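Residue numbers (my numbering): 1 to 105. C-beta: ideal position from N, C-alpha, C; glycine also. If you're wondering where the values come from, they're calculated on a predicted model, not measured in any experiment.
Next up, the structure:
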């Protein structure tokens with residue numbers, strides 16, 4: 001369900017009121033279940049901040065599958081700038097294109 005909502009949002013398609021009301025719960029639940037989050041939680045220091053980003057890979061067509069690619073960044077700054085987000089996403093996409101070309105077909 002989360003993948004479907006994120007796909008709609010990434011393709012600039014509106015989501016229903018039901019999807020909107022479920023979004024925060026689904027996203028939080030997804031994050032807490034990822035290996036990425038568990039690794040961060042295991043290694044994080046007490047005051048360390050979490051910036052959890054998700055790249056969405058997949059076909060733009062309605063029937064196409066999506067791959068959710070979570071990753072965490074821990075910069076020293078409290079807030080990430082839009083340029084920071086773009087840079088971190090670009091770095092992850094570059095690595096993912098090499099390691100998982102099937103995600104980009």
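Asked: Rounded distance between the beta-carbons of residue 92 and residue 43, thought under 8 angstroms; Found: Not confirmed; about 19 angstroms, so no contact.
Asked: Where residue 69 falls: helix, strand or coil (DSSP); Found: strand
Asked: Inter-stretch contact (C-beta, 8 angstroms, three-pair minimum) for the region 63–72 and the region 46–55; Found: yes
Asked: Beta-bridge partners of residue 53, as assigned by DSSP; Found: 71
Asked: Beta-carbon proximity list for residue 36, same chain, < 8 angstroms, skipping 5 on both sides; Found: 52, 70, 71, 72
Asked: Run of the alpha helix (DSSP H) containing residue 9, from where it starts to where it stops; Found: 2–10
Asked: Beta-carbon proximity list for residue 8, same chain, < 8 angstroms, skipping 5 on both sides; Found: 14, 15, 19
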